[in-house]
Every structure is written in structure tokens, then in C-alpha cells.
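Working notes for the structure below.
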Amino acid sequence: MTTTTYKKREDGRKFNELRPVEAEVGIIKRADGSARFKIGKTEALAAVYGPRELVPRFMQNPKRGILRVHYNMMPFSGSGNRVKPGGNRRSKELGVVIRDSLMPVINLNEFPNAVVDIFIEFPQTDAGTRCAAITAAAMALADAGLLMTDLVSSVAVGRIADKIVVDLDYSEDSHEEGTDIPIAIIPSTGEISLLQMDGFMTKKQLFEAINEAKEAVKHLNAVQMKALKNKYKAEE
Amino acid sequence: MSGLKIKEKTIVVPGEILAAGMDYLPSFGTYREGDNIRAGRLGIAQVEGKVIKLIPVSGRYLPKRGDMIIGKIIDVSMSGWRVEINSPYSAMLMTKEATNEFIDKGANLTRIYNFDDYIVCGITNVSSQKLVDLTMRGPGLRKLRGGRIIEVNTHKVPRIIGKSGSMVGMIKHATGVNIIVGQNGLVWLNSEEPAMEVLAVETIRKIEAEAHIAGLTDRIKEFLEKKTGKKIELGSEQREERKDFERKEFENGNGESQ
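Quick note, the sequences are listed as chains A and B, same order.
Sequential numbering from 2 applies to the first sequence in my numbering.
Sequential numbering from 380 applies to the second sequence in my numbering.
Okay, structure coming up:
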């Protein structure tokens, strides 16, 4: 299937190594919950507002609260080219995808007719934005005091030529022989709440990639937990 | 490996394993999955005998029957007022619960409470669909005139009020500011002296920030004494003041559903 080999990653990482990560909770004071998550050059800011009253009323669900995710790349966030401000088809779809990957852990039964809004902004992007968004949003939701069975951690894995790689950056994501698989995992059960694939690979490679992702999110989950505890450390 | 996995009174995050094995029971904010008890929200873990529960530290105010809150009139309808109560849901104050006055059919209700008026009110009922009913019948429940409203973390309100109103009583006593603390995290302050009002706000912010550190009352007392230059006697007099407007119980409900 592939003819070339990928010997070394451009930024010198090991094939299963994540980019450097940073996480911080409570960065937006007026929000009910907020978090910042940075992985390499990709940075996501998430702010949670709510539960709050949902208007228009026809969108209300009398059985449980709903979750809305707003995904947005800032105009200057790309690599040189200005991103056109405002939503587009891609951001709308990503909002839905991110929401669906968070829904399995969140319990909004206590909030009929209400909405929880998550706004995710990217001051800087270098591939892996939906994964960074999920990781940041999970922290922000926990910070907002919502009922959650677990956090969600997410990372992209993929294939470059013959190698399985973890946490692709933009140069790898756009590699001509590259396949990109964003995966979101619920750490406590190991369940997968997001799995997408752009490209192709063999079944064996896919399972190998998923296993690599499961290993990688352990680290991300620890980072999330540490950031959350850090904000409330003073309360103990 | 069974037993407790975390230290008591530490912050735990969703999904974190609190205890393994069947030696402990999950309570508020926790859940059991297989052998483990896990945290179901962010909070401080508390162990009481065999029971593990979480004390929330963040999140919005959820209306509860029997709470005394501060609300703002946002709409006036035929039969009453809609009130914003700093929570995911707005509340309804019916005319019947608002006043003893006779009101003509179709009368202009803004004469009683107008838009943007703040009121101290009690919650009489919260339905499963989170329809909240309010009342103005009760000691100290009234419209607020003048003063200022500040917002505090609802989870810190019990510390601001103190045991049977001792903390807020002390601030009122020391500064001479009239203070009403709503369970929903809105606090009303009013005084003839602006400087004292500012000091009272400062004190409340201090309580909010240091609520978890032991010896809070003494520290606040010291702080107020230093700022006002007056000695504070901790007596029963300020506790009685609180009774005027603090009313935990309406009808039979004891207000504590959790």
C-alpha cells in the first residue's frame, strides 16, 4: 500500500510522543467555568456559560438540558493566512462533533428547558484543534460544577507512510501519505466517544493507532486533573 | 486493593476514583461503577463513617424551597411578576403572594413592583420542570430601595451568613451597614456612609476568599476591628437581628432537600 517510509518526525519527537502540553483552569473570571489547553502550537480557550435559560423557546427540551458548542478559530490563528471571521460549515460541524463527544459524560437531566453553552476559541492553531477543544471543554465543564461521570481526553493519532504517529502537527496532518484520526476517550472506562478518519489505513494499523491513543490520553487526563485541582487547591 | 483512595477534604475531579471495594457507600455527587466509587462532579470529598459525599465548590445557584433570595423584576404580566433569581431559571411571583392590598382587575401592577426593582423574597415551591414560585409573605421580605447589590459564590453563602447569622451580624454591627444575604448569591448592602459600605463589601470578599481556612470568624473580627478602630463584642444581640428576615421554613418543608 505504501512505498515510502517515514524515518523521523520533523520536530524530532518520538513516534508516540505528544507535543508539550499546558493546561489551566479558571482563566475567564465571568464565565461559569473556563479552561485553556495548549498542545504544541495549538491553543484552545474554552468558556462555559450556564445552565441558563434557552431562547428561542422552540429549541427547549422539557426532558433535559441541552449542550451547545461553539467552535471558532480566530482570524490570526492560522499559519500566515487570515481565517475569515465568523462561522462556516466546518466550524458548525466541529461544534456538533465536539458536543457529541462530550455528551456521554454529562448529565443534564436536572436542567430541563435550559442550555449549557461552551465557547471554544483558538488564538493559534497547528492541527489537532478538535482534540484540543474537547480536552479544554471537559475541564471547563467540570469547573462549571456540572454533573459529569468523567472527563474526556482527546488526541489525534495517524499514519504517516508506514509509521503510526501520535499527535500530528500541521505538517504531518497535511502530509501526502498521511492519515489523521482524532480520537476522544473517556478515561475511566476506555470508551471512545469520537473517532474520525481522514485518509486510509489497514485494520491492523487502525487498532495499533487506537491503542497508541489510549496510552496517550492517560497523560492528557492526568494533566486535566492536575489543572482542575490546581485552581481549587486553596479550598482544601 | 480496597479502601479509600483519596485524602479526606481534598478536591476531587469527575471520574476520579474515591474508594475501591465495597467498604464505602456512594452518596451525593458520587457514583459506583463496578468496584470503584468515583466522583460525579468537581467538589471536596467528605467521608462520614462509610458514606462518601462531595461538597460542591462551583456551579450556579439551584432554587430550593424555603430559601430566602434576592431577585430582580424582569417582566410584569396580568397575574404577577417574573423575577430573575441568578439561577438557570426565572421565578414567578403571583399577585396573591405579593401583597394584601386589594388589586382591581387589570390594575397596573408596576405600581407595586416595577421593572428592575430588587426584592427579597422566599421560594415556596420548585416543580420538577423547575418552575419557581415566590412569596413576599414572611418577615423581612420586601422591596429593596437604594443600596447596592453584589454577587458572591452561592456555595460560600453559608459562610457569609455564619452560624445563625453570626458572621453577617458581626459585619452589620461593626460597619453599621444594612446587609441582606440571599441564598442565591446576591447580597444587598445599604448605608448612609459610603465608606462603610465599601468596607462591608471588602469584608464579604475576604470571607469569600478565605472561607475554607480555619478560624474565619476571629480573622474577620480582627480585620473589622483594625479597619473601624472599634472593639467588637460578640454577643447575642446581632443574632437576633438576623431573625427578622432569615426564615428557613415555609409551611412544613424544612428546606433541606439534599
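By construction, the Cβ of each residue, glycine as well, lies at the ideal position given by its N, Cα and C atoms.
Kindly indicate which three-state DSSP category residue i falls into: helix, strand or coil?
i, result
"M104 of chain A", "helix"
"F624 of chain B", "Note on F624 of chain B: pLDDT 39, under 50, position unreliable in the model; no value is reported."
"R417 of chain B", "strand"
"V166 of chain A", "strand"
"G501 of chain B", "strand"
"I121 of chain A", "strand"
"D454 of chain B", "strand"
"H220 of chain A", "helix"
"G459 of chain B", "strand"
"I583 of chain B", "helix"
"H176 of chain A", "coil"
"Y171 of chain A", "helix"
"A36 of chain A", "strand"
"K522 of chain B", "strand"
"Q425 of chain B", "strand"
"S615 of chain B", "Low local confidence applies: a pLDDT of 49 at S615 of chain B is under 50, so the model's placement there is unreliable, with the coordinate-based value given in what follows. Coil."
"I482 of chain B", "coil"
Excluding the 5 residues preceding and the 5 following residue i in the sequence, name in chain order all residues of the same chain whose CB lies nearer than 7 Å to its CB.
i, result
"I187 of chain A", "P105, V106, D151, V153, S194"
"V536 of chain B", "V560, Q562, G564"
"Y72 of chain A", "S92, L95, G96, I99, I121, A134"
"A32 of chain A", "A48, V49, Y50"
"A579 of chain B", "I550, T554, V556, I558, L568"
Residues of chain A with CB closer than 9 Å to the CB of residue i, please, in chain order.
i, result
"K509 of chain B", "E111, F112, P113, N114, A115"
Which residues in chain A have a C-beta closer than 8 Å to the C-beta of residue i? List them in chain order.
i, result
"V436 of chain B", "G146, Y233, E236"
"S469 of chain B", "E54"
"Y410 of chain B", "T150"
Note down, in chain order, each residue of its chain lying with its Cβ closer than 6 Å to the Cβ of residue i, except the 5 sequence neighbours on either side.
i, result
"D446 of chain B", "I502, Q562"
"R527 of chain B", "L568"
"N108 of chain A", "L148"
Just to confirm my understanding: we take residue i, look at its own chain, exclude 5 residues before and 5 after, and list those with CB closer than 8 Å. What are they?
i, result
"T489 of chain B", "V455"
"D174 of chain A", "A128, G129, A157, G159, D181"
What residues of chain A sit near residue i, judged by a beta carbon separation below 7 Å?
i, result
"T389 of chain B", "E237"
Can you pull the chain B neighbours of residue i, defined as C-beta to C-beta under 8 Å?
i, result
"M226 of chain A", "V392, E395"
"L103 of chain A", "Ordered by position in chain B, no residue passes the 8 Å Cβ test against L103 of chain A, which lies about 12 Å from the chain."
Report the neighbours of residue i on chain E: residues whose CB is nearer than 9 Å to its CB, in chain order.
i, result
"E604 of chain B", "The chain inventory of the structure shown lacks chain E, comprising the protein chains A and B."
Find the residues of chain B that neighbour residue i, judging by a C-beta separation of less than 7 Å, and give them in chain order.
i, result
"L229 of chain A", "V392, L421"
"P188 of chain A", "G394"
Please list the residues of the stretch 197 to 224 of chain A that have a C-beta atom closer than 7 Å to any C-beta atom in chain B, keeping them in chain order. none
Chain A contacts made by the stretch 551 to 580 of chain B, where a contact means CB separation under 8 Å: none
In chain order, what residues of the stretch 393 to 404 of chain B put their CB closer than 9 Å to some CB of chain A? Per Cβ criterion, the list reads P393, G394, E395, I396.
Per the contact definition of three or more C-beta pairs closer than 8 Å, is the stretch 41 to 52 of chain A in contact with the stretch 112 to 125 of chain A? Taking one beta carbon from each stretch, the stretch 112 to 125 of chain A and the stretch 41 to 52 of chain A have 3 or more pairs nearer than 8 Å; the two touch.
Using a beta-carbon distance cut-off of less than 8 Å, what residues from the stretch 19 to 45 of chain A approach chain B? Taking 8 Å as the Cβ-Cβ cut-off against chain B, the residues of the stretch 19 to 45 of chain A that qualify are D33, G34.
Would you say the stretch 19 to 37 of chain A touches the stretch 134 to 150 of chain A, given that touching needs at least three Cβ pairs under 8 Å? yes
If we count Cβ pairs, one from each stretch, closer than 8 Å, do we get three or more for the stretch 391 to 402 of chain B versus the stretch 423 to 432 of chain B? For the pair of segments examined, the stretch 391 to 402 of chain B was found to touch the stretch 423 to 432 of chain B: the number of CB pairs separated by less than 8 Å reaches three.
Three-pair Cβ contact test at 8 Å for the stretch 204 to 220 of chain A versus the stretch 398 to 413 of chain B: no
On the three-pair Cβ rule with 8 Å, is the stretch 580 to 600 of chain B touching the stretch 537 to 552 of chain B? yes
The stretch 505 to 521 of chain B touching the stretch 470 to 477 of chain B, judged by at least three CB pairs closer than 8 Å: Contact between the stretch 505 to 521 of chain B and the stretch 470 to 477 of chain B is established, with three or more Cβ pairs separated by less than 8 Å.
What residues in the stretch 419 to 434 of chain B bring their beta carbon closer than 7 Å to a beta carbon of chain A? Within the stretch 419 to 434 of chain B, the residues whose Cβ lies closer than 7 Å to some Cβ of chain A are G419, R420, L421, I423, listed in chain order.
Identify each residue in the stretch 524 to 539 of chain B for which the Cβ-Cβ distance to at least one residue of chain A is less than 8 Å, and report them in chain order. none
Between the stretch 51 to 77 of chain A and chain B, which residues of the former have a C-beta closer than 7 Å to a C-beta of the latter? So the list reads G51, P52, R53, E54, P63, given in the order they occur along the chain.
Got a sec: which bits of the stretch 127 to 160 of chain A sit with their beta carbon under 8 Å from any beta carbon on chain B, in order along the chain? A143, D144, A145, G146, L147, L148, M149, T150, D151, L152
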